[in-house]
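For the sequence shown, full-length UniProt numbering begins at 1 and goes up steadily by one.
The beta-carbon is built from N, C-alpha and C at its ideal position, and this holds for glycine as well.
This structure is a prediction, so every number in the text was calculated from the model and none was measured.
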Amino acid sequence: MKKILSLFALCMTLLACKAQQIYPLNTFYKNAPNYSYMKDLNNYLSPYIGTYKNTYQGNEITLYITKEDKMLIDTRLQGRIYYQDVLHVKYTVKNASTGAILQDNQNSIDPKRNNIVSMGTNDLDNNSVDLYYSGTNCRVGWGRITLLKINNTQISWSYYPNDMIFTQGDCPGNPDIKIYLPEAENLVFIKQ
């Protein structure tokens with residue numbers, strides 16, 4: 001009898017467990033249950049991985065693009081927690097003539113500042129990747145970036161920063177509030 005009860009308890013436990021549900025990358029997170037996994041099933045993100053360079057308006061910009069599988073995204077304010085495959089973009093902006101580093105987010109202490117992470121791909125635009133940029137000091141420059149794979153060695157960059165109006169005291173400590181990323185559409189970066 002003890003074995004039967006143990007076997008029954010084990011069966012009930014196994015039946016109560018739910019496997020994590022996997023959805024295609026571009027599934028809207030509100031249409032999936034909590035703790036679902038939006039996976040890059042069609043391998044849209046991997047072709048973007050690499051180091052890319054461009055010189056724009058006297059600055060040399062280097063992008064370091066990596067992929068993270070199954071990143072936990074916590075949007076509890078909107079009632080959702082889920083996993084998603086994402087691209088992370090780290091960057092360095094240097095003065096092309098002097099070599100002085102103007103901005104570098106490769107070793108950022110604050111992960112919420114200077115953070116560029118993908119939100120998904122756009123099937124209607126040759127699987128371009130939409131990214132969210134959190135901005136620099138006081139969120140200056142936050143906005144959307146679109147990357148489009150042109151070929152095996154080139155990507156197109158389009159950056160759309162949102163406007164911000166500051167009043168005295170909004171950004172204390174006199175931080176650097178200049179946007180160093182190229183505010184441009186269809187700027188071509190070359191893979192290194």
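- With respect to the 7 Å criterion, Tyr64 and Thr75 are not classified as neighbours on the basis of their beta carbons.
- Under the 10 Å beta carbon count, Leu72 is surrounded by fewer than 16 other beta carbons and is classified as exposed.
- Between the alpha carbons of Met38 and Ile22 lies a gap of roughly 6 Å.
- Its chain contains Asn114 as the residues whose beta carbon lies nearer than 6 Å to that of Ser108, once the 5 sequence neighbours on both sides are disregarded; these appear in chain order.
- Under the three-state reduction of DSSP, Pro175 is assigned to coil, being neither helix nor strand.
- With at least 16 other beta carbons inside 10 angstroms of its own, Lys94 counts as buried.
- Between the alpha carbons of Ala32 and Pro24 lies a distance of about 11 Å.
- Taking a contact as a CB-CB distance under 8 Å, the pair Leu131 and Val140 does not count as one, their CB atoms being some 17 Å apart.
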